[in-house]
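Asks: All the letters of the sequence shown, read from the start, carry residue numbers 0 to 168 under numbering that gives the first Met the number 0. We put the CB at the ideal spot given by N, CA and C, even for glycine. Since the structure is predicted, the reported quantities are computational estimates derived from the model, not experimental observations.
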Amino acid sequence: MKAVRSLFSRPRFAMGLVAVLVAIDQTVKWAVDKYLPFQEMVDVLPVLALFYTKNQGIAFSMLTGIGEKWLIALMLVVIGFVATLWARSTPQRWISQNGFAFIVAGAIGNLIDRAMHGYVVDYILVHAGSWYFAVFNLADAFITIGAVAIVVDEIFGKWLYPAELDGAE
0 MKAVRSLFSR PRFAMGLVAV LVAIDQTVKW AVDKYLPFQE MVDVLPVLAL FYTKNQGIAF
60 SMLTGIGEKW LIALMLVVIG FVATLWARST PQRWISQNGF AFIVAGAIGN LIDRAMHGYV
120 VDYILVHAGS WYFAVFNLAD AFITIGAVAI VVDEIFGKWL YPAELDGAE
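Rendered as C-alpha coordinates:
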(Lines of atoms letter the chains of each structure in order from A and count residues from 1; the text may use other names and numbers.)
(Lines give C-alpha, C1' and ligand atoms only; values in the text may rest on other atoms or scores of the structure.)
Protein backbone atom coordinates (compact mmCIF):
# COMPACT_ATOMS: atom_id res chain seq x y z
CA MET A 1 0.00 0.00 0.00
CA LYS A 2 1.40 3.37 -0.96
CA ALA A 3 1.84 5.91 1.83
CA VAL A 4 -0.48 8.86 1.41
CA ARG A 5 0.85 12.39 1.58
CA SER A 6 -0.94 14.61 4.01
CA LEU A 7 -2.52 17.88 2.88
CA PHE A 8 -0.13 19.52 5.33
CA SER A 9 2.92 18.29 3.42
CA ARG A 10 1.87 19.57 -0.01
CA PRO A 11 4.10 22.44 -1.24
CA ARG A 12 1.24 24.81 -2.09
CA PHE A 13 -0.35 24.36 1.29
CA ALA A 14 3.00 24.74 3.04
CA MET A 15 3.87 27.95 1.18
CA GLY A 16 0.35 29.23 1.82
CA LEU A 17 0.77 28.50 5.52
CA VAL A 18 4.10 30.36 5.56
CA ALA A 19 2.51 33.35 3.78
CA VAL A 20 -0.45 33.47 6.18
CA LEU A 21 1.79 33.23 9.26
CA VAL A 22 4.11 35.98 7.97
CA ALA A 23 1.09 38.18 7.18
CA ILE A 24 -0.32 37.69 10.68
CA ASP A 25 3.07 38.44 12.25
CA GLN A 26 3.59 41.59 10.20
CA THR A 27 0.03 42.83 10.77
CA VAL A 28 0.36 42.43 14.53
CA LYS A 29 3.75 44.18 14.52
CA TRP A 30 2.27 47.05 12.49
CA ALA A 31 -0.55 47.39 15.06
CA VAL A 32 1.95 47.27 17.94
CA ASP A 33 4.05 50.00 16.32
CA LYS A 34 1.00 52.15 15.62
CA TYR A 35 -1.08 51.72 18.79
CA LEU A 36 1.05 50.40 21.67
CA PRO A 37 3.03 52.89 23.76
CA PHE A 38 6.79 52.33 23.56
CA GLN A 39 8.29 50.54 26.59
CA GLU A 40 5.17 50.85 28.75
CA MET A 41 3.75 47.66 30.22
CA VAL A 42 0.09 47.02 29.35
CA ASP A 43 -1.25 44.16 31.48
CA VAL A 44 -3.41 41.62 29.67
CA LEU A 45 -3.45 38.82 32.26
CA PRO A 46 -1.78 38.50 35.68
CA VAL A 47 1.16 36.73 33.97
CA LEU A 48 1.04 38.36 30.51
CA ALA A 49 1.62 41.91 29.35
CA LEU A 50 2.22 43.79 26.14
CA PHE A 51 5.49 45.70 26.17
CA TYR A 52 6.64 47.27 22.90
CA THR A 53 10.40 47.31 22.50
CA LYS A 54 12.94 47.22 19.68
CA ASN A 55 15.26 44.21 19.67
CA GLN A 56 18.63 45.05 18.15
CA GLY A 57 19.87 41.45 18.37
CA ILE A 58 18.33 38.11 17.44
CA ALA A 59 16.23 35.79 19.62
CA PHE A 60 16.07 37.12 23.15
CA SER A 61 18.48 39.96 22.24
CA MET A 62 21.44 37.67 21.61
CA LEU A 63 24.21 39.00 19.34
CA THR A 64 23.24 42.62 19.91
CA GLY A 65 25.91 44.86 18.46
CA ILE A 66 27.38 42.64 15.72
CA GLY A 67 25.81 44.72 12.99
CA GLU A 68 22.65 44.65 10.93
CA LYS A 69 24.25 43.17 7.79
CA TRP A 70 25.74 40.24 9.74
CA LEU A 71 22.41 39.56 11.45
CA ILE A 72 20.56 39.59 8.11
CA ALA A 73 23.18 37.26 6.61
CA LEU A 74 22.90 34.92 9.61
CA MET A 75 19.11 34.88 9.32
CA LEU A 76 19.31 34.06 5.60
CA VAL A 77 21.70 31.17 6.33
CA VAL A 78 19.36 29.83 9.01
CA ILE A 79 16.33 30.09 6.68
CA GLY A 80 18.28 28.29 3.94
CA PHE A 81 19.40 25.55 6.35
CA VAL A 82 15.87 24.97 7.68
CA ALA A 83 14.45 25.01 4.14
CA THR A 84 17.00 22.36 3.14
CA LEU A 85 16.04 20.15 6.09
CA TRP A 86 12.39 20.71 5.22
CA ALA A 87 12.93 19.69 1.58
CA ARG A 88 14.74 16.52 2.68
CA SER A 89 12.10 15.48 5.20
CA THR A 90 9.60 12.77 4.36
CA PRO A 91 6.36 14.28 2.99
CA GLN A 92 4.20 11.92 5.08
CA ARG A 93 5.55 13.43 8.29
CA TRP A 94 3.01 16.23 8.38
CA ILE A 95 3.85 17.33 11.92
CA SER A 96 7.47 18.04 10.93
CA GLN A 97 6.31 19.60 7.67
CA ASN A 98 4.19 22.08 9.63
CA GLY A 99 7.01 22.61 12.10
CA PHE A 100 9.37 23.61 9.31
CA ALA A 101 6.71 25.95 7.89
CA PHE A 102 6.31 27.66 11.27
CA ILE A 103 10.09 28.06 11.69
CA VAL A 104 10.55 29.50 8.20
CA ALA A 105 7.58 31.86 8.67
CA GLY A 106 8.92 33.12 12.00
CA ALA A 107 12.39 33.64 10.59
CA ILE A 108 11.01 35.49 7.56
CA GLY A 109 8.81 37.67 9.80
CA ASN A 110 11.81 38.73 11.88
CA LEU A 111 13.98 39.11 8.76
CA ILE A 112 11.45 41.56 7.30
CA ASP A 113 11.65 43.65 10.48
CA ARG A 114 15.44 43.58 10.50
CA ALA A 115 15.68 44.56 6.81
CA MET A 116 13.03 47.30 7.02
CA HIS A 117 13.79 48.84 10.42
CA GLY A 118 17.21 47.62 11.53
CA TYR A 119 15.56 45.99 14.59
CA VAL A 120 12.84 43.48 15.41
CA VAL A 121 9.57 44.59 17.02
CA ASP A 122 9.02 42.63 20.25
CA TYR A 123 5.92 43.02 22.41
CA ILE A 124 4.96 39.90 24.41
CA LEU A 125 6.09 39.86 28.04
CA VAL A 126 5.49 36.87 30.32
CA HIS A 127 6.05 37.54 34.01
CA ALA A 128 5.30 36.22 37.49
CA GLY A 129 5.72 38.58 40.41
CA SER A 130 9.14 40.16 40.07
CA TRP A 131 10.33 37.58 37.50
CA TYR A 132 10.21 38.62 33.83
CA PHE A 133 10.95 36.49 30.79
CA ALA A 134 12.60 38.09 27.73
CA VAL A 135 10.22 40.15 25.58
CA PHE A 136 9.41 38.33 22.34
CA ASN A 137 6.99 38.42 19.40
CA LEU A 138 4.67 36.18 17.43
CA ALA A 139 7.44 35.23 14.97
CA ASP A 140 9.53 33.98 17.90
CA ALA A 141 6.52 31.97 19.08
CA PHE A 142 6.16 30.48 15.58
CA ILE A 143 9.81 29.40 15.64
CA THR A 144 9.34 27.80 19.06
CA ILE A 145 6.12 26.04 18.03
CA GLY A 146 7.86 24.74 14.91
CA ALA A 147 10.84 23.43 16.85
CA VAL A 148 8.57 21.67 19.35
CA ALA A 149 6.55 20.12 16.49
CA ILE A 150 9.74 18.73 14.92
CA VAL A 151 10.96 17.30 18.23
CA VAL A 152 7.54 15.73 18.92
CA ASP A 153 7.53 14.26 15.42
CA GLU A 154 11.00 12.79 15.92
CA ILE A 155 10.13 11.31 19.31
CA PHE A 156 6.68 9.95 18.47
CA GLY A 157 7.03 9.41 14.71
CA LYS A 158 7.44 5.66 14.98
CA TRP A 159 3.94 5.48 16.47
CA LEU A 160 2.40 8.19 14.31
CA TYR A 161 3.71 6.87 10.98
CA PRO A 162 4.24 3.11 11.39
CA ALA A 163 3.74 2.33 7.68
CA GLU A 164 6.51 4.76 6.72
CA LEU A 165 8.98 3.12 9.07
CA ASP A 166 8.07 -0.37 7.86
CA GLY A 167 9.11 0.61 4.34
CA ALA A 168 5.57 0.56 2.92
CA GLU A 169 5.24 2.08 -0.53
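(1) Between which two residues does the beta strand (DSSP E) holding asparagine 54 run?
(2) Identify which residue in Asp112, Ile107 and Ala138 has its Cα closest to the Cα of valine 76.
(3) Return the chain-ordered list of same chain residues with a C-beta closer than 7 angstroms to the C-beta of glutamate 153, the five sequence neighbours on each side being excluded.
(4) Can you find the residues in the same chain that come closer than 6 angstroms, C-beta to C-beta, to phenylalanine 132, ignoring five residues on each side of it along the sequence?
(5) Count the C-beta pairs between the region 78-97 and the region 41-56 that are closer than 8 angstroms, then say yes if the count reaches three, no if not.
(6) Go through the region 76-131 residue by residue and report every complete run of the alpha helix (DSSP H) that reaches 4 residues or more, in order.
(7) To which residues of the same chain is leucine 110 closer than 6 angstroms at the C-beta, ignoring the five residues directly before and after it?
(8) Where do the N-terminal and C-terminal ends of the alpha helix (DSSP H) with valine 151 fall, by residue?
(9) Kindly give me the distance between the Cβ atoms of asparagine 97 and aspartate 121, rounded to whole angstroms, as I take these residues to be in contact under 8 angstroms.
(10) So, helix, strand or coil for valine 31, using DSSP?
(11) Report yes if the C-beta distance between leucine 16 and phenylalanine 101 is below 9 angstroms; otherwise report no.
(12) Which word fits alanine 104, buried or exposed, when buried means at least 16 other C-beta atoms lie within 10 angstroms of its C-beta?
(13) For aspartate 42, which beta-bridge partners are listed by DSSP?
(14) Measuring alpha carbon to alpha carbon, tell me which residue in Gln91, Ile123 and Trp69 is nearest methionine 40.
(15) Using the beta-carbon count (16 or more within 10 Å), is tryptophan 85 buried or exposed?
(16) From arginine 113 to lysine 53, what does the alpha carbon distance come to, in whole angstroms?
(17) Mind reading off the beta-carbon distance from phenylalanine 99 to leucine 20? Whole number of angstroms is fine, and I expect it under 8 angstroms.
Replies: Considering the structure as presented:
(1) Looking at the DSSP string, the run of the beta strand (DSSP E) that includes asparagine 54 is 47-54.
(2) With distances taken between Cα atoms, valine 76 lies closest to Ile107.
(3) none
(4) Val125.
(5) no
(6) 93-116
(7) Met74
(8) 137-159
(9) With 8 angstroms as the limit, asparagine 97 and aspartate 121 do not qualify as a contact, their Cβ atoms being about 24 angstroms apart.
(10) helix
(11) yes
(12) buried
(13) Ala48
(14) The shortest CA-to-CA distance from methionine 40 to any of Gln91, Ile123 and Trp69 is the one to Ile123.
(15) buried
(16) 10 angstroms
(17) Not confirmed; about 12 angstroms, so no contact.
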